[in-house]
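Structure record follows, encoded as structure tokens.
There are 4 protein chains.
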Amino acid sequence: MDKKTYKATLEALQIELVKFQRHVIADGLRVLVLLEGRDAAGKDGVIKRIVEHMSPRDTRVVALGVPSDRERKSWYYQRYVEEFPAEGEIALFNRSWYNRAGVERVMGYATEEEQRLFMETVADFERIVVHGGVSLIKYYLDISREEQAERLGERRDDPLKQWKNSPVDAQAQDLWDEYSAARDAMLVSTHRPAAPWTIVKTDDKRTARINLIRDLLSRFEYDGRDGSLLDADPDVVFRYDQVADGKAELSK
Amino acid sequence: MDKKTYKATLEALQIELVKFQRHVIADGLRVLVLLEGRDAAGKDGVIKRIVEHMSPRDTRVVALGVPSDRERKSWYYQRYVEEFPAEGEIALFNRSWYNRAGVERVMGYATEEEQRLFMETVADFERIVVHGGVSLIKYYLDISREEQAERLGERRDDPLKQWKNSPVDAQAQDLWDEYSAARDAMLVSTHRPAAPWTIVKTDDKRTARINLIRDLLSRFEYDGRDGSLLDADPDVVFRYDQVADGKAELSK
Amino acid sequence: MDKKTYKATLEALQIELVKFQRHVIADGLRVLVLLEGRDAAGKDGVIKRIVEHMSPRDTRVVALGVPSDRERKSWYYQRYVEEFPAEGEIALFNRSWYNRAGVERVMGYATEEEQRLFMETVADFERIVVHGGVSLIKYYLDISREEQAERLGERRDDPLKQWKNSPVDAQAQDLWDEYSAARDAMLVSTHRPAAPWTIVKTDDKRTARINLIRDLLSRFEYDGRDGSLLDADPDVVFRYDQVADGKAELSK
Amino acid sequence: MDKKTYKATLEALQIELVKFQRHVIADGLRVLVLLEGRDAAGKDGVIKRIVEHMSPRDTRVVALGVPSDRERKSWYYQRYVEEFPAEGEIALFNRSWYNRAGVERVMGYATEEEQRLFMETVADFERIVVHGGVSLIKYYLDISREEQAERLGERRDDPLKQWKNSPVDAQAQDLWDEYSAARDAMLVSTHRPAAPWTIVKTDDKRTARINLIRDLLSRFEYDGRDGSLLDADPDVVFRYDQVADGKAELSK
Numbered sequence: 002m003d004k005k006t007y008k009a010t011l012e013a014l015q016i017e018l019v020k021f022q023r024h025v026i027a028d029g030l031r032v033l034v035l036l037e038g039r040d041a042a043g044k045d046g047v048i049k050r051i052v053e054h055m056s057p058r059d060t061r062v063v064a065l066g067v068p069s070d071r072e073r074k075s076w077y078y079q080r081y082v083e084e085f086p087a088e089g090e091i092a093l094f095n096r097s098w099y100n101r102a103g104v105e106r107v108m109g110y111a112t113e114e115e116q117r118l119f120m121e122t123v124a125d126f127e128r129i130v131v132h133g134g135v136s137l138i139k140y141y142l143d144i145s146r147e148e149q150a151e152r153l154g155e156r157r158d159d160p161l162k163q164w165k166n167s168p169v170d171a172q173a174q175d176l177w178d179e180y181s182a183a184r185d186a187m188l189v190s191t192h193r194p195a196a197p198w199t200i201v202k203t204d205d206k207r208t209a210r211i212n213l214i215r216d217l218l219s220r221f222e223y224d225g226r227d228g229s230l231l232d233a234d235p236d237v238v239f240r241y242d243q244v245a246d247g248k249a250e251l252s253k
Numbered sequence: 002m003d004k005k006t007y008k009a010t011l012e013a014l015q016i017e018l019v020k021f022q023r024h025v026i027a028d029g030l031r032v033l034v035l036l037e038g039r040d041a042a043g044k045d046g047v048i049k050r051i052v053e054h055m056s057p058r059d060t061r062v063v064a065l066g067v068p069s070d071r072e073r074k075s076w077y078y079q080r081y082v083e084e085f086p087a088e089g090e091i092a093l094f095n096r097s098w099y100n101r102a103g104v105e106r107v108m109g110y111a112t113e114e115e116q117r118l119f120m121e122t123v124a125d126f127e128r129i130v131v132h133g134g135v136s137l138i139k140y141y142l143d144i145s146r147e148e149q150a151e152r153l154g155e156r157r158d159d160p161l162k163q164w165k166n167s168p169v170d171a172q173a174q175d176l177w178d179e180y181s182a183a184r185d186a187m188l189v190s191t192h193r194p195a196a197p198w199t200i201v202k203t204d205d206k207r208t209a210r211i212n213l214i215r216d217l218l219s220r221f222e223y224d225g226r227d228g229s230l231l232d233a234d235p236d237v238v239f240r241y242d243q244v245a246d247g248k249a250e251l252s253k
Numbered sequence: 002m003d004k005k006t007y008k009a010t011l012e013a014l015q016i017e018l019v020k021f022q023r024h025v026i027a028d029g030l031r032v033l034v035l036l037e038g039r040d041a042a043g044k045d046g047v048i049k050r051i052v053e054h055m056s057p058r059d060t061r062v063v064a065l066g067v068p069s070d071r072e073r074k075s076w077y078y079q080r081y082v083e084e085f086p087a088e089g090e091i092a093l094f095n096r097s098w099y100n101r102a103g104v105e106r107v108m109g110y111a112t113e114e115e116q117r118l119f120m121e122t123v124a125d126f127e128r129i130v131v132h133g134g135v136s137l138i139k140y141y142l143d144i145s146r147e148e149q150a151e152r153l154g155e156r157r158d159d160p161l162k163q164w165k166n167s168p169v170d171a172q173a174q175d176l177w178d179e180y181s182a183a184r185d186a187m188l189v190s191t192h193r194p195a196a197p198w199t200i201v202k203t204d205d206k207r208t209a210r211i212n213l214i215r216d217l218l219s220r221f222e223y224d225g226r227d228g229s230l231l232d233a234d235p236d237v238v239f240r241y242d243q244v245a246d247g248k249a250e251l252s253k
Numbered sequence: 002m003d004k005k006t007y008k009a010t011l012e013a014l015q016i017e018l019v020k021f022q023r024h025v026i027a028d029g030l031r032v033l034v035l036l037e038g039r040d041a042a043g044k045d046g047v048i049k050r051i052v053e054h055m056s057p058r059d060t061r062v063v064a065l066g067v068p069s070d071r072e073r074k075s076w077y078y079q080r081y082v083e084e085f086p087a088e089g090e091i092a093l094f095n096r097s098w099y100n101r102a103g104v105e106r107v108m109g110y111a112t113e114e115e116q117r118l119f120m121e122t123v124a125d126f127e128r129i130v131v132h133g134g135v136s137l138i139k140y141y142l143d144i145s146r147e148e149q150a151e152r153l154g155e156r157r158d159d160p161l162k163q164w165k166n167s168p169v170d171a172q173a174q175d176l177w178d179e180y181s182a183a184r185d186a187m188l189v190s191t192h193r194p195a196a197p198w199t200i201v202k203t204d205d206k207r208t209a210r211i212n213l214i215r216d217l218l219s220r221f222e223y224d225g226r227d228g229s230l231l232d233a234d235p236d237v238v239f240r241y242d243q244v245a246d247g248k249a250e251l252s253k
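Keeping their order, the protein sequence lines are chains C, P, R and L. For what it's worth, the numbering used here labels the leading residue of the first sequence as 2, then goes sequentially. For what it's worth, the numbering used here labels the leading residue of the second sequence as 2, then goes sequentially. For what it's worth, the numbering used here labels the leading residue of the third sequence as 2, then goes sequentially. For what it's worth, the numbering used here labels the leading residue of the fourth sequence as 2, then goes sequentially.
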């Protein structure tokens, strides 16, 4: 997708997002969009485009840092629950409780017992959240090893992306296979009817952003909706079932 | 139980509570004691005796008021989750999320849909809380119709208990049967292995307090524990199974 | 004061407190009662009697612990401001921002620069708080060296008061003179028209509690007020001016 | 300033902002940048450019909405204090406690008594905040009547700026003179040595953004600082003294 088409398409979708938000506010929806994926998979970038023209008072980007002492001593889900959207709000979680199944597992920050407990409870947790009226949408952003290498390299050299560099990133390539194994275990265990996973291929940033937004909007009805803009490319965005059924593959 | 015996027994149990708290802190337990029951069933009174000599910094009494506007728009369990005990803490919930199955049902504050959803999700909610390492102990304080009438009458006339009077109380006797039906529905649906209900007969305040504390302490091991103090009277404190099995009765 | 008279007087005053609270709620007052004083000076005890029959939802006891990491990095007054009473609320601060002028100074927890800054800003801080509509009442509870020694000794042996013992207490007697000097510096610098200090002699617990409550109530008008109960003993409760003028003395 | 120059200059300044933030974190500074100004004066726009490449975890944009019921009953400054930066943090306040001297005055949301109290206390408040170690920087963004009219018109028609339209905006032009009078009263009373006002002329968005960032950075020393980038245009950014001395004018 060339730059000009991308810009025009993005702007059209951002206008749709504005209409969508008006609907969320009017109908008192509680929307929680959760984005997982490896370092540099494009989470920040797509979130930035989604929120760019939305009302900051009704949109929340949640990117929780290292837990505080008190948080570490609390019920695991507590600090995430505190950031849940109220009626009329859209919350975008840049990483989430799935940290326990990803970085905490690979880097050894969580004990095996903690990981096991998480895997045992997360599906129930999400089910009661969804039954409690939260629209929970889970995206896994999938990047290839080569593309990640390139992006991490650029990031290291870019004076404007300094804050993105972390010691954990530095190991993203070395621990590629461990992260792949963690991802597979996570997806297979936590893809449930009440809270399924949607995969987004992100090697091409532009098509990734455009198609994720399309997919998000296509899930809702709202006034003035232009459905012709919302057909996502099935090679870029698809349900995890496709992987489970062998019809699609994740990066290796 | 005469006053003198009561005082001596209570003091001995309060010393046990102090030892118990030392254990909670040392081992980083998270203890959540939840007390439900009709108005005037004795929730405030027993909580007061439990916390009397405990460290205020490590003990929390949680009696949430009417939800704020924002809380009303949030996930139902959220404001309760925010009050969960961290490691080393004991939280005493004076009423809880079961409001939805009790006062909110009887007084019509919750829609039928909201009540149904609550009943469908509460067991799962408690299960993941318990699996997440919270020691959840649920007491239902059972008072008879006559005793409640007497206590509410005294309360109305006592210049020191003015704040306890509320319009909801005023209807506690008139709506006695509705509250009984709500209680029965609640207990039968939410008595689960992971989070069972314990019934406490509270028509006699002294024996109620003494025996609830005994039961609470008997569930834990702690240094210097004097087990001889902890035999609760099975006619005063018993698992809800006894009722389900027809071996005990609740007030009618 | 014998026990019987004490009990009767306290109960009468607690009834007044209930009327007072009704007034606070009806008129939307914001009442902040701050209690300072050495270890074992009786802060916990008088607070307990004040709140005993007040509405827990409208009364807050604030006893902040050691600051968290984040709090330590924040504006000094911030964590206290977060606990300020809203309209209709009474907050009782068991110790306060004056920690910086007391225990933090004596124990060396605050740098000299931090202490100096505190002393320079606290009067302004309190003035804008008072101008902002908070009824700020500051009590300094004064105990003698002998009485403190006795109470700390009892506390060490009392199985019900274990949580009160701390390493800081253990030095209260050894550092008696340092605490006296800190107290004197604090009182003389922070006794201002907008937020004066009231001294309470607490060697006799009963008269201390009774007279502090009398003094507190005598500052407000409220419905059904029985003024005959509210004459505080001027030898027990008095403005700090008395000390400044050489008409009263603090413990040495 | 043409677009190309603007983009290049902005990027160079954003690189400086990244270095500045590294310094804020390393030295544990607490930086509070407060932006006031009429509707459409450019507050959102400049904030967006400042934060664009900064670490989201250490940068906070604070744009408080209508106060909740509880906030309305609390000490006026409380909800602002809760958002103060901790050490290592930069907080950008999009509007602030000065609401009381601006929109609340003009729209009649605050009583005269409340406005008077605010004006009497705000200088003291800021002084203790500054003495407490917060780097408080206050910008007033000044737009002309014609430019505001144009921007509000564009905003009404732009499908991407819908959330910015509010009933208060709609009156911004009609109440132009009232806002001018409120601004003058505010600036003259609250321009103090400890917390002076800096004026930024914003009719030209690009020069406004560039020069505000220059001015902000020029106040701090930091590693790798390129001073040659930080000379702000004195016709665009200047201390309020210039206005008081008749050497500069604000929009009329």
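Note that CB positions come from ideal geometry on N, CA and C, so glycine has one too. All values derive from a computational prediction rather than experimental measurement.
Neighbouring residues, chain P, relative to residue i (Cβ below 9 Å)
{"i": "glutamate 83 of chain C", "result": "Gln79, Val82 and Glu83"}
Closer than 9 Å to chain L by CB, residue i
{"i": "lysine 162 of chain C", "result": "yes"}
{"i": "tryptophan 76 of chain R", "result": "yes"}
{"i": "histidine 192 of chain R", "result": "no"}
{"i": "leucine 1 of chain R", "result": "Shown here, chain R extends from 2 to 253; a query on residue 1 of chain R therefore has no answer."}
Supposed contact pair residue j and residue i - C-beta distance, whole angstroms, cut 8 Å
{"i": "leucine 14 of chain R", "j": "arginine 157 of chain R", "result": "Not quite, the Cβ-Cβ distance comes to about 31 Å (not below 8 Å), so this is no contact."}
{"i": "tyrosine 141 of chain C", "j": "leucine 65 of chain C", "result": "Actually they are not in contact, since the Cβ atoms of tyrosine 141 of chain C and leucine 65 of chain C sit about 18 Å apart, beyond 8 Å."}
{"i": "glycine 247 of chain P", "j": "threonine 122 of chain C", "result": "That belief does not hold up - the Cβ atoms of glycine 247 of chain P and threonine 122 of chain C are roughly 35 Å apart, past 8 Å."}
Chain-ordered neighbours of residue i on chain C, where CB pairs are closer than 9 Å
{"i": "proline 57 of chain L", "result": "Asp45, Val62, Ala64, Asn95 and Trp164"}
{"i": "leucine 137 of chain P", "result": "Neighbours of leucine 137 of chain P on chain C: none; closest Cβ ~11 Å, over 9 Å."}
{"i": "glycine 228 of chain P", "result": "Within 9 Å Cβ-Cβ: nothing; glycine 228 of chain P doesn't reach chain C, min ~29 Å."}
7 Å Cβ cut-off: residues of chain C touching residue i
{"i": "isoleucine 129 of chain P", "result": "Thr122, Asp125 and Phe126"}
Within-9 Å CB hit, residue i to chain C
{"i": "histidine 54 of chain L", "result": "yes"}
{"i": "histidine 24 of chain P", "result": "no"}
{"i": "glutamate 155 of chain L", "result": "no"}
{"i": "glutamate 12 of chain L", "result": "yes"}
Per-residue contacts from residue i into chain L (C-beta, under 8 Å)
{"i": "valine 15 of chain C", "result": "What sits at residue 15 of chain C in the sequence shown is glutamine, not valine. What glutamine 15 of chain C touches in chain L: Leu161."}
Per-residue contacts from residue i into chain R (C-beta, under 9 Å)
{"i": "valine 19 of chain P", "result": "Pro160, Leu161, Lys162, Gln163 and Trp164"}
Closer than 8 Å at the beta carbon, the chain P residues around residue i
{"i": "glutamate 88 of chain C", "result": "Lys74 and Ser75"}
{"i": "glycine 254 of chain C", "result": "Coverage of chain C is limited to positions 2 through 253, which leaves residue 254 of chain C absent and any answer about it impossible."}
Any C-beta of chain P under 9 Å from that of residue i
{"i": "arginine 71 of chain C", "result": "yes"}
Below-9 Å beta-carbon distance, residue i vs any chain R residue
{"i": "glutamate 37 of chain P", "result": "no"}
{"i": "glutamate 105 of chain P", "result": "no"}
{"i": "arginine 101 of chain L", "result": "no"}
Proximal chain R residues relative to residue i, where beta-carbon distance stays under 8 Å
{"i": "glycine 133 of chain L", "result": "Trp76, Tyr77, Tyr78, Leu118 and Thr122"}
{"i": "glycine 247 of chain L", "result": "Those do not exist, as glycine 247 of chain L stays about 32 Å from chain R at its closest Cβ, beyond 8 Å."}
Handout entry: Any beta strand (DSSP E) of 3 or more consecutive residues that is wholly inside the stretch 133 to 172 of chain R
Key = 135 to 143
Practice task
Taking 8 Å as the threshold, find out whether the stretch 142 to 149 of chain C comes into contact with the stretch 40 to 54 of chain C through three or more Cβ pairs.
Solution key: yes
Practice task
Run through the stretch 195 to 240 of chain C for me and flag every whole beta strand (DSSP E) of 3 or more residues, listed as ranges in chain order.
Solution key: Runs found: 198 to 202 and 238 to 240.
Problem - the stretch 72 to 91 of chain P in contact with the stretch 86 to 95 of chain C per 3-pair CB rule at 8 Å - result: yes
Problem - Touch test, the stretch 48 to 62 of chain P against the stretch 22 to 31 of chain P, Cβ-Cβ under 8 Å, three pairs minimum - result: yes
Problem - Sequence ranges, beta strand (DSSP E) only - wholly within the stretch 33 to 102 of chain C, length at least 3 - result: The stretch 33 to 102 of chain C contains these whole beta strand (DSSP E) runs: 60 to 63 and 90 to 95.
Practice task
Count the C-beta pairs between the stretch 86 to 105 of chain C and the stretch 178 to 194 of chain C that are closer than 8 Å, then say yes if the count reaches three, no if not.
Solution key: Verdict: yes, contact present.
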